[in-house]
Amino acid sequence: MKTLYHILPIFLLFIGFQSFAQTPEQQDLIDKALKMRDSIMESLNLEEVLQKADQQQKKLESDEKSKQKTSTIPKAAKSEDKYWKNTWASDKDKKLKNWNKGEAELVFNYAYDSRNDKINYVQVGAIKVDGSIELNPTDKIPVLQPLNNFKNSNNFFDIHNPDSYQYSNEKAGFKLNSYLLVYQDGQQIGILTIGNSAKVTLNLLTPGDLYFGDEGYILSWVYVDEACAIKANENWSGDLSNTGTPIMVETNVVYDLNFSPGWNIVKTEVIGTYEFPNAPEEDRSRYKKHEHTSTASIPNDATYFFRSSVQY
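As numbered in mature numbering (1 follows the signal peptide of the UniProt record, and there is no 0), residues -21 to -1, 1 to 291 make up the sequence shown, in order.
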């Protein structure tokens, strides 16, 4: 093949002369060169060589296309589960699994001090170095709102007619939080919620997810300065859509809360689910019933969920 590459340029040079007027001597020389070319092409079987080269080129192109077709398609990155993002959950011993943040304070916030730009709170417990949780609220809450203000400050937004609320001792001082703040070195590092469902304990704190139908419960901490009660029982039907396409449902919401002076616990349970599998993700489920009841202690099946402030 090397010999061929050296000879071919000579032939091309001679052939180029054919486009000009030639003398008899020049024409004779060209004729001899053409005969020599034909002889060399025959001896080297150049036609076959060219055909093989063409076949190899086509094979390379075919292999490249096949490689492109059969190459592994990169898998899309798995979307993060918002319910478990930056989240620690307790085990059966009520310890946060794989806890690595050291000691932290659990606090109940009751007011915002705008003059000093800080949250006012009392400490109600702690997270130990090993992730174990201690809760023992004893301090009084110095700033409270009247119980009957609950109709304007209920973060669950599940009663549509404010007249559905019935109060006993409606002027009693009252404060409810469905979470505890987690502080370390004077800075908030997250929140702690208690319940039996990661979904419920986040949904009922997230405005756009309040009406989701994931079943389970969340606990709320309540402080009152006098014995009092909240009662309500509302049947309601209407649109609970987040996306604009109507989601018509019927709901029942019950409040059966009796408070003793000092610290109390409320259990808010989501019961029953409407499923809308063809709706956008934020409209695929809606609750049938919310039941709010007083409970004397944290249930045995409760899980503690710490969520880092990074996600808020």
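Here a beta-carbon is modelled for each residue, glycine too, at the ideal position from N, C-alpha and C.
All of these numbers come straight from a predicted model, not from anything done at the bench.
- Message: Using the three-state DSSP reduction, which class does Ser157 fall into: helix, strand or coil?
- Response: In the structure shown, the three-state DSSP call for Ser157 is coil.
- Determine, using beta carbons only, whether Leu75 and Ile106 come nearer to each other than 9 Å. Yes, these two residues count as a Cβ contact at 9 Å.
- Item | Segment limits, beta strand (DSSP E) that includes Phe87 | Ala83 to Asp92
- Query: Where does the unbroken alpha helix (DSSP H) through Phe129 begin, and where does it stop?
  - Reply: Phe129 to Ser132
- Query: Does the beta-carbon of Ala275 have 16 or more other beta-carbons within 10 angstroms, so that it is buried, or is it exposed?
  - Reply: exposed
- Message: DSSP three-state label for Val108, please.
- Response: Looking at Val108 - three-state DSSP - the assignment turns out to be coil, as it is neither helix nor strand.
- Task: Identify whether Asp164 lies in helix, strand or coil by the three-state DSSP scheme.
- Result: coil
- Does the segment 237 to 246 come close enough to the segment 176 to 188 to have 3 or more Cβ pairs within less than 8 Å? no
- Quickly, what does DSSP pair Leu114 with across the bridge? List them, please. Gly104
- Item | Proximity winner among Lys267, Lys154 and Tyr100, relative to Tyr162 (alpha-carbon distances) | Tyr100
- Message: If I follow the unbroken beta strand (DSSP E) through Tyr249, where does it start and stop?
- Response: A small fix is needed here, since residue 249 is Val in this sequence, not Tyr. Here the beta strand (DSSP E) through Val249 covers Gly241 to Glu254.
- Extent of the continuous beta strand (DSSP E) run through Leu181: Leu181 -> not in any beta strand (DSSP E); alpha helix (DSSP H) instead, spanning Ala177 to Asn182.
- Query: Can you give the beta carbon distance from Ala68 to Phe284, rounded, assuming they're within the 8 Å contact cut?
  - Reply: 5 Å
- Task: Could you give the DSSP three-state label for Lys187: helix, strand or coil?
- Result: Before going further, note that residue 187 is Gly rather than Lys in the sequence given. Three-state result, Gly187: helix.
- Query: With a Cβ-Cβ cutoff of 9 Å, do Arg265 and Gly192 count as a contact?
  - Reply: yes
- Item | Paired residues, beta bridge with Ser264 - DSSP | Ser264 pairs with Glu254.
- Message: In whole angstroms, give me the CA-to-CA distance for Ala177 and Asn127.
- Response: 31 Å
- Go ahead and label His271 buried or exposed: buried means 16 or more other beta carbons lie within 10 angstroms of its beta carbon, across all protein chains shown. buried
- Task: Label Ala206 either buried or exposed according to how many other C-beta atoms from any shown protein chain fall within 10 Å of its C-beta, with 16 as the threshold for buried.
- Result: Result: exposed.
- Secondary structure of Leu123, DSSP reduced to three states: coil
- Query: Among all the DSSP beta bridges, which residues are the ones paired with Ala208?
  - Reply: Looking at the DSSP output, Ala208 bridges to Ser147 and Asn237.
- Task: Label Gly110 either buried or exposed according to how many other C-beta atoms from any shown protein chain fall within 10 Å of its C-beta, with 16 as the threshold for buried.
- Result: It counts as buried.
- Query: Three-state secondary structure (DSSP) at residue 294?
  - Reply: Not covered by the structure: residue 294. The range shown for the chain is -21 to 291.
- How close, in whole Å, do the beta carbons of His269 and Thr247 come, if the pair is a contact with beta carbons under 8 Å? 7 Å
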